[in-house]
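Engineer: In the working numbering, the protein residues as written are 20 to 630.
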């Protein structure tokens, strides 16, 4: 070894002199970091897992010990078994109390599965169920999102199915790896890739940014196609109820009131649970059978027309040779009965000089004298002396006039119906006027009249009936007017400058109704002039910009509640507004005198009827 050589770690000499140590030259002194890559730092820990204790930092010697088995009970724990001792044997077993013990003697086993002697395990000794196992034929099936599976006769590998991008091959599944670059800006897109979100399309909401929460002033009812809660639903003719839409509104149909002092149109009363076609609504609002509108109760051959508390039928007797007998216990006062000998109290004349003959069961008509007669009363014909069979017939009703008479009604015919009534000339006819055939066929139909009375089919949901003289029926279904703009100004003490009421949309030119109310709310000390409204609009037909004075120019009323109105329909204008233009409003003519100024309120509503 030469003077400039050094011995390396393998005991051999190097090939040359050392020029630096850890990049340092000169008098080298060992530094803590010189060999840090070749040893474990003292701060490194040896941690213990389940079943071990001890461990800690390597700054001192460590002792790792296995945890001893804890006996069953409150302090139970898994761990190493205790030392079985110096005595060799095969009779003791580890008991759950963590001691080695010989199990108590038992009755012994004479055979195992029919085998005796030194029995060794054999295939078939136990079934899988007996040892808490499953057979190798048992399958592990994969559900949604998994693949693999099969019989347990071999190892199985179950894998999660990756998510497939939206489109033809779409499927749910595990999301792809988001990559090695940590971050919070990427989100899983439907094409199964991690991507940054596109720039937010909304920079602010009503001037607010961040987690914006809706507030009551964000929208007006007009902007969202709604109406304010101050809007009212009024009950018109035939209805009651209604009110402001700040709560649920109930409209009820007004019942018809009987003719007289309290008369009123309205819905008809309930005709009752008994079905029929004989009653009609009378002007006193009750359902009754019209006078003179007799309806025969007879339905079957042999029926007799009787009266109980109403017209009724008495069915013909059920046995031949029965006769009608008076019987006050019956509802009709009569009944059919078979005559008996006991009913005859004087079969011969006892005034003669001869003795009465013995009772016999029957007589020939020729042997009877002084026999009574059957007389046909009102509504009947026939009858006569009971020297033979007597026939009674119901008399048909005779038409009004010289030969008029009451009687049975004629046969109404074979065609079933409910439209014909018995006329006084004894004919079944459809009454003129008031006897209209109901033309309705479908739910929601209305009965209207054009050149004839007919049905008008129901319109679409939310439509209303609108008068329209261009229609054949004079009315039509159409959209209800919609309030599109509302202005409510209070405590005004000067003229209101020209202001925008509503910008007519490019698709909504057409008919509008402008409703204006100006009301004095505080009187001036001396005097005042209530201003009038000045709307400004562009007419759709002429494209001319127009203004109008709505109200009087010299309204010098000075009392709260005074209004500025004109015309038959005060302060209501119907306008044909051009699409894409503006409807403005202003007030003019305000005058107030005295220390306290006059104040007023302006209320404006604009309704849209359609193009």
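Note that CB positions come from ideal geometry on N, CA and C, so glycine has one too.
1) Does residue 177 pass the burial test, meaning 16 or more other C-beta atoms within 10 Å, or should it be called exposed?
2) Does the stretch 558-568 come close enough to the stretch 532-539 to have 3 or more Cβ pairs within less than 8 Å?
3) Please state if the CB of residue 610 and the CB of residue 590 are separated by a distance shorter than 8 Å.
4) Per DSSP, which one or two residues make a beta bridge with residue 508?
5) Hey, would you say residue 483 sits closer than 8 Å to residue 499, going by beta carbons?
6) Comparing alpha-carbon positions, which option in 67, 76 and 90 lies nearest residue 84?
7) Would you call the CB atoms of residue 98 and residue 87 closer than 8 Å?
8) From the DSSP secondary-structure annotation, give me the bridge partner or partners of residue 482.
9) For the beta strand (DSSP E) that contains residue 531, what are its first and last residues?
10) Take residue 559 and list the residues in its own chain whose beta-carbon comes closer than 8 Å to its own, dropping the five residues that flank it on each side.
11) Do you know offhand how far residue 465's Cα is from residue 245's?
12) Report the residue from 243, 121 and 136 whose alpha carbon sits nearest the alpha carbon of residue 128.
13) Excluding the five sequence neighbours on either side, which residues of its own chain have a C-beta within less than 7 Å of the C-beta of residue 319, listed in chain order?
14) Give every residue of the same chain whose Cβ lies closer than 8 Å to the Cβ of residue 38, excluding the five residues on either side of it in the sequence, and list them in chain order.
15) Please report how far the alpha carbon of residue 394 lies from the alpha carbon of residue 401, in whole angstroms.
16) Once DSSP output is grouped into helix, strand and coil, what is the label at residue 503?
17) Alpha carbon to alpha carbon, what distance is there between residue 359 and residue 337?
18) When the Cα atoms are used, what is the spatial distance from residue 300 to residue 263?
19) Below 8 Å on the Cβ atoms is my guess for residue 278 versus residue 303; work out the distance and round it to an integer in Å.
20) Comparing C-alpha positions only, which one of 548, 572, 629 and 603 sits nearest to residue 618?
21) Taking 8 Å as the threshold (C-beta atoms), are residue 171 and residue 157 in contact?
22) Using 8 Å as the threshold, is the C-beta distance between residue 507 and residue 555 below it?
23) Can you say whether residue 460 is buried or exposed, counting buried as having 16 or more other CB atoms within 10 angstroms of its CB?
24) Determine, using beta carbons only, whether residue 199 and residue 215 come nearer to each other than 8 Å.
25) Would you call residue 425 buried or exposed, if buried means 16 or more other Cβ atoms sit within 10 Å of its Cβ?
26) What would DSSP say about residue 214, mapped onto helix, strand or coil?
27) Among 131, 308 and 109, whose alpha-carbon lies nearest the alpha-carbon of residue 122?
28) Can you look up residue 149 in the DSSP assignment and give me helix, strand or coil?
29) Compare the C-alpha of residue 480 against each of 101, 463 and 492 and name the closest.
30) Alpha carbon to alpha carbon, what distance is there between residue 269 and residue 444?
31) Starting from residue 423 and walking both ways along the beta strand (DSSP E), at which residues does that stretch end?
32) Less than 8 Å between C-beta atoms, sequence neighbours within five positions excluded: which residues of the same chain meet that for residue 151?
Structural biologist: Quick look at the numbers:
1) In the chain shown, residue 177 corresponds to position 158, counting from 1. Per the 10 Å Cβ criterion, exposed.
2) no
3) One-based indexing of the chain shown puts residue 590 at position 571. One-based indexing of the chain shown puts residue 610 at position 591. Not a contact, by the Cβ cut-off of 8 Å.
4) In the chain shown, residue 508 corresponds to position 489, counting from 1. Within the DSSP secondary-structure output, residue 508 pairs in a beta bridge with 621.
5) The residue given as residue 483 occupies position 464 in the chain shown. The residue given as residue 499 occupies position 480 in the chain shown. Yes. Within cutoff.
6) On the chain shown, residue 84 is found 65 positions in, with the first residue counted as 1. Taking residue 84 as reference, the option from 67, 76 and 90 with the minimal CA-CA separation is 67.
7) By 1-based counting over the chain shown, the position of residue 98 is 79. By 1-based counting over the chain shown, the position of residue 87 is 68. Contact: yes.
8) What you label residue 482 is simply residue 463 of the chain shown in a count that begins at 1. DSSP, once it has assigned bridges, lists 498 as partnering residue 482.
9) The sequence position of residue 531 within the chain shown is 512, counting from 1. It spans 529-541 - the beta strand (DSSP E) in which residue 531 sits, taken as one unbroken run.
10) Here residue 559 is taken as the residue at index 540 of the chain shown, counted from 1. Around residue 559: 528, 529, 595, 596, 597 and 598.
11) Numbered from its first residue, the chain shown carries residue 465 at position 446. Numbered from its first residue, the chain shown carries residue 245 at position 226. Answer to the nearest angstrom: the Cα atoms are 29 Å apart.
12) Here residue 128 is taken as the residue at index 109 of the chain shown, counted from 1. The shortest C-alpha separation from residue 128 is found at 136.
13) What you label residue 319 is simply residue 300 of the chain shown in a count that begins at 1. Excluding sequence neighbours, residue 319 sits near 334.
14) Position 19 of the chain shown, counted from the start, is the residue given in the question as residue 38. Once the five neighbours on either side are set aside, the close Cβ partners of residue 38 are 44.
15) As a working mapping, residue 394 is identified with position 375 in the chain shown. As a working mapping, residue 401 is identified with position 382 in the chain shown. The straight-line gap from Cα to Cα measures roughly 8 Å.
16) Position 484 of the chain shown, counted from the start, is the residue given in the question as residue 503. Strand at residue 503.
17) Indexing the chain shown from 1 puts residue 337 at position 318. Indexing the chain shown from 1 puts residue 359 at position 340. If I take the Cα positions, the gap works out to 16 Å.
18) Here residue 300 refers to the residue found at position 281 of the chain shown. Here residue 263 refers to the residue found at position 244 of the chain shown. Each residue's Cα considered, the two are about 36 Å apart.
19) Residue mapping note: residue 278 aligns to position 259 of the chain shown, counting from 1. Residue mapping note: residue 303 aligns to position 284 of the chain shown, counting from 1. That pair is a contact at about 7 Å.
20) The residue you call residue 618 lines up with position 599 of the chain shown. The residue with the shortest Cα to Cα distance from residue 618 is 548.
21) On the chain shown, residue 157 is found 138 positions in, with the first residue counted as 1. On the chain shown, residue 171 is found 152 positions in, with the first residue counted as 1. A contact, by the Cβ cut-off of 8 Å.
22) Position 488 of the chain shown, counted from the start, is the residue given in the question as residue 507. Position 536 of the chain shown, counted from the start, is the residue given in the question as residue 555. No, Cβ-Cβ distance for residue 507 and residue 555 is not below 8 Å.
23) Here residue 460 is taken as the residue at index 441 of the chain shown, counted from 1. Under this definition residue 460 is an exposed residue.
24) Walking along the chain shown from the start, residue 199 turns up at place 180. Walking along the chain shown from the start, residue 215 turns up at place 196. In this structure, residue 215 does not lie closer than 8 Å to residue 199 by Cβ.
25) Against the chain shown, residue 425 aligns to sequence position 406. Exposed: under 16 other Cβ atoms inside 10 Å.
26) Counting from one through the chain shown, the residue named residue 214 turns up at place 195. Correct three-state label for residue 214: strand.
27) Your numbering for residue 122 matches position 103 in the chain shown. Nearest C-alpha to residue 122: 109.
28) In the chain shown, the residue the question calls residue 149 occupies position 130. Helix.
29) Taking the chain shown and counting its residues from 1, the one referred to as residue 480 is at position 461. When each option's Cα is compared against that of residue 480, the closest is 463.
30) Residue numbering aside, residue 444 sits at position 425 when the chain shown is read from its first letter. Residue numbering aside, residue 269 sits at position 250 when the chain shown is read from its first letter. So the two alpha carbons sit approximately 50 Å from each other.
31) Numbered from 1 along the chain shown, position 404 holds the residue referred to as residue 423. It is not in any beta strand (DSSP E) - residue 423 carries neither H nor E in the DSSP assignment.
32) Taking the chain shown and counting its residues from 1, one reaches residue 151 at position 132. Taken in chain order, the list of residues that qualify is empty.
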